[in-house]
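Heads up, the thing below is written out as structure tokens.
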Amino acid sequence: GGIFVARTAEQGISRSVSDSIAMMLETGAVTLEELLDARLLLEVPLAGQAAHQADAALVSRLRAAVETEARADPDDLEALAVADGEVHRTIAAAAGNGIAEALIGWVFEVLQPSLVATLHGAVLPSAVVEQHEALLAAMEKGDPARAERAMKDHLLYLRDVLRMVQGKDGGG
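Just add 86 to the spot in the sequence shown (first one is 1) and you have the numbering used here.
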């Protein structure tokens, strides 16, 4: 018995934002490419900030996620997605901005399943691991410019593969 609160205010907002983004994606109000572009706007500077503030705990957590991803079976989409999410969420958390971290979490929660389904077979897991290793190397060196470049290269790779899969020619 008793009264239970189902969600904290933060969880309620998170669910609302995630549901809104999912509905926008389902109805075509936003595209996967637009969501990737939003990630570019958010995650590139977050990677630089995380590298600027990088410490042993961040490097260790990031290394564990990248190693897990590298060991995963290339056909185990769930394991790859979990490891990928850990890489991106770890970097967002390390940047030290709760709002930006929450935005990455919300977008990632909705984007990842659709992106994985769309890009399955087109994205090379080994290429993503290499890109994540470049992010890790930038964090280890505490090099913000290198971290931003690595994150940008990673997200542009995903956007280029998405364009290829969708038959778009846009370059980039």
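Every residue, glycine too, gets a C-beta built ideally from N, C-alpha and C.
I'd like the span of the alpha helix (DSSP H) that includes residue i, first residue to last.
i    : result
D123 : L118 to H138
D161 : No alpha helix (DSSP H) contains D161, which DSSP labels as neither H nor E.
K227 : P211 to K227
H206 : Element bounds for H206: n/a, residue is neither H nor E.
K238 : P230 to V251
Once you ignore the five residues that flank residue i on each side, which residues in its own chain have a CB closer than 6 Å to its CB?
i    : result
A62  : Since the first residue shown for the chain is 87 and the last is 258, residue 62 is missing from the structure and cannot be characterised.
P230 : G134, A137 and H138
H218 : V152 and V173
Quick one: what does DSSP say residue i is sitting in, helix, strand or coil?
i    : result
A150 : helix
A180 : helix
D105 : helix
G114 : coil
D170 : helix
K254 : coil
CB-CB under 8 Å to residue i, same chain, minus the five flanking residues each way: which ones, in chain order?
i    : result
A186 : L128, L132 and A178
A42  : Residue numbering for the chain in the displayed model covers 87 to 258; residue 42 lies beyond these limits and cannot be assessed.
Which residues in the same chain as residue i place their Cβ atom closer than 7 Å to its Cβ, once the five residues preceding and following it in sequence are excluded?
i    : result
A208 : V247, M250 and V251
V91  : At V91, the pLDDT of 49 sits below 50, so the modelled position is not reliable; the number obtained from the coordinates is stated separately. So the list is empty, once near-sequence residues are dropped.
A233 : A133, G134, A136, A137, L221, A224 and M225
K238 : L126 and V130
A167 : Q198 and V202
Inter-stretch contact at 8 Å, needing at least 3 Cβ pairs: the stretch 154–164 / the stretch 138–146: Segments in contact, no.
Can we say the stretch 111–122 touches the stretch 206–222, given the rule of at least three CB pairs closer than 8 Å? With a cut-off of 8 Å, the stretch 206–222 and the stretch 111–122 do not count as touching, because too few Cβ pairs lie within range.
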